[in-house]
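One point on numbering: in my numbering, the residue at position 201 of the sequence shown is 201, and numbering is uninterrupted. Ideal Cβ placement from N, Cα and C applies to all residues, glycine included. Everything below concerns the one structure shown next.
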Amino acid sequence: MFRKQNPAAGSRPGTLVIADGAPRPVIHVMSYSHDDVQEVDVTSSASLREVLDSPQTHWIDIQGLGDETLIREIAELFAVHPLAMEDIVNIPHRPDAQVFGSQLLIVTRMVRVDDGQHVDMEQLSILVGPNYVITFQERPGDILDPVRNRIRFEQSSHRKLGAHYLAYSILDTVVDGYYPVLESIGDYLESLEDLVVANPNPQIMQELNWLKKQLVNMRRVMWPQREAVYRLVHDSSAYFDESVRLYLRDTYDHCLQTSEVIDMYREMVTSLLNTYLSSIANRTNEVMKVLTIMASIFIPLTFMVGVYGMNFEAMPELKVPWAYPLLWVVMVVTAAAMLMYFRRLGWIGDSTDRNLSER
């Protein structure tokens with residue numbers, strides 16, 4: 001279910017709520033121009049102020065939100081609006097894009113597959129300023145190394161373009177991160193598809209329900225994320241200029257593709273759940289059919305045995321020497337005749353294969 005870190009009712013806007021156990025911030029700064037890249041780890045807002053004195057483009061990556069004092073100092077240093085900080089810190093927040101004065105806040109979700117098949121989602125907040133981008137992450141570790149490597153590459157377009165293009169690159173990398181996760185889910189669905197028919201069992205039911213839950217969570221994130229990118233592309237008063245919005249159109253297309261794949265997989269899971277229930281019902285029907293056949297065969301045999309098991313003295317058949325073996329012959333013939341009859345009806349054997357061969 002949905003769980004959000006909310007301040008107490010009646011708290012003033014901009015109240016921050018730090019999650020229990022949130023890791024302390026690890027701050028990594030990349031400062032670059034067309035001919036130079038500098039990287040440094042900082043531990044305080046004072047050190048960060050010294051880094052920002054240069055006129056380069058800066059990417060301040062903050063991994064971890066466990067120090068409220070440091071987070072507030074950074075917010076004060078960059079004059080971040082209190083409502084923007086509330087969206088950044090009070091996790092989770094619905095994916096969105098909002099302009100606060102000269103800054104743009106994009107709230108999105110990174111997704112990746114942890115060890116095994118667990119789909120992990122993490123909120124990533126992107127704060128864009130005139131010559132800087134600040135990314136706020138819940139904890140260390142992300143999927144943004146491709147962006148860092150492109151900045152380090154001497155001929156990269158990142159060196160020539162500013163903070164807006166950097167923000168686009170980060171957002172595009174986050175959206176593209178859904179592809180390998182969905183590919184992994186697709187492969188897993190294919191393996192379950194074979195098992196549902198060949199060997200349906202309760203474990204498969206649990207796996208399908210788990211996949212359905214993961215896809216619902218991803219869809220819940222991707223739809224507002226897609227709307228946010230759409231506004232960044234088509235809003236005439238959007239924060240980005242036309243050159244960056246051209247790239248964002250491609251990101252929006254990726255959002256559409258991702259949404260379509262998520263919906264397709266949800267339909268596949270629903271179909272597999274129905275197939276699983278049908279397979280279980282068919283197995284139950286087969287068991288009931290076997291029991292019905294056995295009961296049908298033994299009903300006349302039980303009748304014969306019951307008749308001659310009655311304690312009447314005047315039963316002429318009991319005095320016939322060959323009556324006992326004759327009764328056995330009649331019982332065996334009756335059982336065999338019923339088996340042949342059931343086979344002709346298709347109750348015994350593979351009636352499907354026989355009908356196909358007759359065609």
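CA-to-CA distance, residue j to residue i, given in whole angstroms
i	j	result
residue 57	residue 165	11 Å
residue 195	residue 330	46 Å
residue 98	residue 283	55 Å
residue 182	residue 346	44 Å
residue 2	residue 40	Because residue 2 sits at a pLDDT of 43, beneath the cut-off of 50, its placement in the model cannot be relied upon, and the following sentence gives the value as read from the coordinates. Rounded to the nearest angstrom, the two C-alpha atoms are 37 Å apart.
residue 162	residue 191	45 Å
residue 342	residue 302	19 Å
residue 48	residue 59	11 Å
residue 285	residue 260	37 Å
residue 138	residue 26	11 Å
residue 210	residue 273	12 Å
residue 34	residue 159	4 Å
residue 289	residue 253	53 Å
residue 358	residue 199	The pLDDT assigned to residue 358 is 49, lower than 50, so where the model puts this residue is not dependable; a value taken from the coordinates is nonetheless given after this. Cα-Cα distance, rounded: 29 Å.
residue 306	residue 344	29 Å
residue 63	residue 143	12 Å
residue 280	residue 295	23 Å
residue 70	residue 42	11 Å
residue 332	residue 320	20 Å
residue 45	residue 263	44 Å
residue 81	residue 193	50 Å
residue 313	residue 336	32 Å
residue 205	residue 275	11 Å
residue 149	residue 197	46 Å
Residue i Cβ short of 8 Å to the ligand SAM heavy atom set
i	result
residue 316	This structure lacks the ligand SAM, and indeed carries no ligand of any kind.
Nearest neighbour of residue i, chosen from the options [CA to CA]
i	options	result
residue 324	336, 313, 309 and 338	309
residue 132	149, 168 and 150	168
residue 123	288, 152 and 174	174
residue 110	222, 316, 279 and 280	222
residue 172	229, 239, 243 and 327	229
residue 24	104, 285 and 140	140
residue 125	145, 266 and 135	135
residue 360	103, 73, 67 and 77	The chain is shown from 1 up to 359; residue 360 falls before or after that span and cannot be answered.
residue 207	250, 185, 232 and 292	185
residue 113	29, 212, 179 and 242	179
residue 54	64, 29, 304 and 100	29
residue 89	264, 142 and 107	107
residue 93	16, 71, 69 and 269	16
residue 96	127, 193 and 151	127
residue 51	66, 31, 69 and 244	31
residue 189	287, 314, 292 and 270	270
residue 129	100, 263 and 36	100
residue 155	80, 145, 37 and 242	37
residue 65	86, 244, 81 and 326	86
residue 328	304, 292, 311 and 151	304
The beta strand (DSSP E) enclosing residue i, as first and last residue numbers
i	result
residue 312	Premise fails: residue 312 is in no beta strand (DSSP E) and is neither H nor E.
residue 108	103 to 113
residue 38	36 to 42
residue 59	57 to 63
residue 15	It is not in any beta strand (DSSP E) - residue 15 carries neither H nor E in the DSSP assignment.
residue 320	Counting along the chain, residue 320 falls outside any beta strand (DSSP E), and DSSP gives it neither H nor E.
residue 31	26 to 33
Where the alpha helix (DSSP H) containing residue i begins and where it ends
i	result
residue 97	Not the alpha helix (DSSP H): residue 97 falls in the beta strand (DSSP E), residues 96 to 100.
residue 47	45 to 51
residue 88	82 to 89
residue 74	68 to 77
Residues of its chain near residue i, where Cβ-Cβ distance is below 6 Å and the 5 sequence neighbours each way are ignored
i	result
residue 353	Confidence is the limiting factor: at residue 353 the pLDDT is only 48, short of 50, which leaves the residue's position unreliable and the question unanswerable from this model.
residue 338	297
residue 317	323
residue 214	119
residue 121	109 and 111
residue 300	334
residue 268	189
residue 245	233
residue 73	45
residue 258	178 and 222
Own chain residues within Cβ distance below 7 Å of residue i, not counting five before or after
i	result
residue 355	In this prediction, residue 355 scores a pLDDT of 48, lower than 50, which makes its location untrustworthy; no coordinate-derived value is stated.
residue 76	none
residue 240	164, 232 and 248
residue 147	169, 170 and 173
residue 176	254
residue 22	64, 65 and 66
Residues near residue i in its chain [Cβ-Cβ closer than 8 Å; skip 5 each side]
i	result
residue 216	266
is_contact[residue i, chain D] using C-beta, thresh 9 Å
i	result
residue 87	No chain D appears in the structure shown, which is made up of a single protein chain.
Unbroken stretches of the beta strand (DSSP E), 3 residues or longer, contained in the segment 236 to 312: As far as the segment 236 to 312 is concerned, it has no whole beta strand (DSSP E) run of at least 3 residues.
Ordered list of beta strand (DSSP E) runs contained in the segment 108 to 175, each at least 3 residues: 119 to 128 and 132 to 137
Alpha helix (DSSP H) runs contained entirely in the segment 194 to 234, provided each spans 4 or more residues: 202 to 234
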